[in-house]
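Using the UniProt record's numbering, the letters of the sequence shown correspond one by one to residues 1 to 287. For every residue, glycine included, the Cβ atom is placed at its ideal position computed from N, Cα and C. Please read these numbers as outputs of a predicted model, since none were measured by experiment. As structure tokens, the structure follows; a few thoughts come after it.
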Amino acid sequence: MANSGKKLVVVLGATGSQGLSIIEYLFKHSSSLFRVRAVTRDPTSSKAQSLASLGAEVTKADLDDEPTLRTALEGANAVFALTDFYDKMTIESELSRGLRIAKIASELPDLEHFVLSSLPDARTLFGGKYQFNLPYNSKAYIKEGIEKGYPSLWGKTTALYISFYYQNWLKYPLVFGPMKRPDGSFVLSMPYPGNACISTTSSLDTGVVVDAILRGGSKYYRKPVGLITERLTEEKRLQIWAEDEYRKRMESVGFPPILAQGMTELAEVIAGPENYVEAVGVVKGRE
Numbered sequence: 001m002a003n004s005g006k007k008l009v010v011v012l013g014a015t016g017s018q019g020l021s022i023i024e025y026l027f028k029h030s031s032s033l034f035r036v037r038a039v040t041r042d043p044t045s046s047k048a049q050s051l052a053s054l055g056a057e058v059t060k061a062d063l064d065d066e067p068t069l070r071t072a073l074e075g076a077n078a079v080f081a082l083t084d085f086y087d088k089m090t091i092e093s094e095l096s097r098g099l100r101i102a103k104i105a106s107e108l109p110d111l112e113h114f115v116l117s118s119l120p121d122a123r124t125l126f127g128g129k130y131q132f133n134l135p136y137n138s139k140a141y142i143k144e145g146i147e148k149g150y151p152s153l154w155g156k157t158t159a160l161y162i163s164f165y166y167q168n169w170l171k172y173p174l175v176f177g178p179m180k181r182p183d184g185s186f187v188l189s190m191p192y193p194g195n196a197c198i199s200t201t202s203s204l205d206t207g208v209v210v211d212a213i214l215r216g217g218s219k220y221y222r223k224p225v226g227l228i229t230e231r232l233t234e235e236k237r238l239q240i241w242a243e244d245e246y247r248k249r250m251e252s253v254g255f256p257p258i259l260a261q262g263m264t265e266l267a268e269v270i271a272g273p274e275n276y277v278e279a280v281g282v283v284k285g286r287e
């Protein structure tokens, strides 16, 4: 442990959605317990510099370069490990990176907790129906590799299962969200019914859960922890987004925020399920 008496938490992927949330939360709520080393490929980026301004030790490392990774993990009491299937879009690449992290972490003399950003094994879900969910399979192979190849590390590992991020709905419209058509309208296409409930959360909530895991220590060893805020249908998500877009449009043409909200609610009432002009007790004009 460092001279400060605080435990060193090393966060890989520090400038991504998960890493940023974790580091910002730890500094805001647990700075008396932890100090943070933020690991990134580009310490000069604006996000990395913002973490440095918080007090993080920003370190450069590449998950494909073992020497830099060893330096980044040196002295860690806790590690948040993150790999990204979409970086190279191959299981082999992500698996290699995940096991490289595990190998180095297993050799750290002062390591107390290894938090692995992971996903459930889709091959075992729904009676084995889905065998080619590559991002999930890749994470499953990493977990299996740690459990079998590094049992001592697995003994202090917590797998974090994060549900669908609200933010990804608009960040990756080709896969998840509304696509803008040439005429300016939007179309939402997905391979499941619009009323299907999707486990959802915000990337900003990652830090809350990781902080709790680190504080809980052995309570969470060898256990998966799921992060979910609510189950939301695509129909409801689209409604929320449309309301927000309408409100922004009203503000863009000069309506103050309170009036923009009022215009949004006016539109919702008109299109709402209650036919207020023909409600009980209302005399119909045609009568």
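- Query: Ends of the alpha helix (DSSP H) at Ser-203?
  - Reply: Element bounds for Ser-203: n/a, residue is neither H nor E.
- Message: So, does the stretch 29-44 touch the stretch 6-17, judging by three or more C-beta pairs under 8 Å?
- Response: yes
- Excluding the 5 residues preceding and the 5 following Asn-137 in the sequence, name in chain order all residues of the same chain whose CB lies nearer than 7 Å to its CB. Ile-91, Ala-122 and Arg-123
- Query: Nearest CA to the CA of Gly-226: which residue from Thr-44, Phe-34, Ser-163 and Leu-73?
  - Reply: Ser-163
- Item | Helix, strand or coil at Phe-114 [DSSP, three-state] | strand
- In this structure, does DSSP put Leu-26 in helix, strand or coil? helix
- Message: Can you check which of these residues, Glu-24, Leu-8, Val-10 and Thr-201, is closest to Gly-207 by C-alpha distance?
- Response: Glu-24
- Item | Counterpart residues of Tyr-161 in DSSP-defined beta bridges | Ser-118 and Gly-226
- Query: Who are the near neighbours of Asp-110 in its chain, counting only those whose CB is closer than 6 Å to its CB and skipping five residues on each side?
  - Reply: Asn-77
- Task: Give the straight-line distance between the Cα atoms of Phe-34 and Val-187, rounded to the nearest whole angstrom.
- Result: 46 Å
- Query: Taking Cβ to Cβ, would you say Val-210 is nearer than 8 Å to Phe-80?
  - Reply: yes
- Task: With a cut-off of 8 Å on the beta carbons, I'd call Glu-234 and Ile-198 a contact; round off their distance for me.
- Result: 7 Å
- Task: State the start and end residues of the unbroken beta strand (DSSP E) segment that holds Lys-7.
- Result: 7-12
- Query: Considering only residues of the same chain and omitting the five flanking positions on each side of Tyr-141, which have a CB-CB separation below 6 Å?
  - Reply: Leu-95
- Message: So, at 6 Å on beta carbons, what are the nonlocal neighbours of Ala-48 in its own chain, with the 5 sequence-adjacent residues on each side left out?
- Response: Thr-15, Thr-40 and Val-58
- Task: On a CA-only basis, which of Ala-61, Tyr-86, Gly-128 and Phe-132 is nearest Arg-100? Give me that one, please.
- Result: Ala-61
- Considering Glu-57, what are the terminal residues of the beta strand (DSSP E) in which it resides? 57-60
- Message: Rounding to the nearest angstrom, what Cα-Cα distance links Leu-108 and Leu-73 in this structure?
- Response: 8 Å
- Message: Can you give me the C-alpha to C-alpha distance between Ser-32 and Leu-8, rounded to a whole angstrom?
- Response: 12 Å
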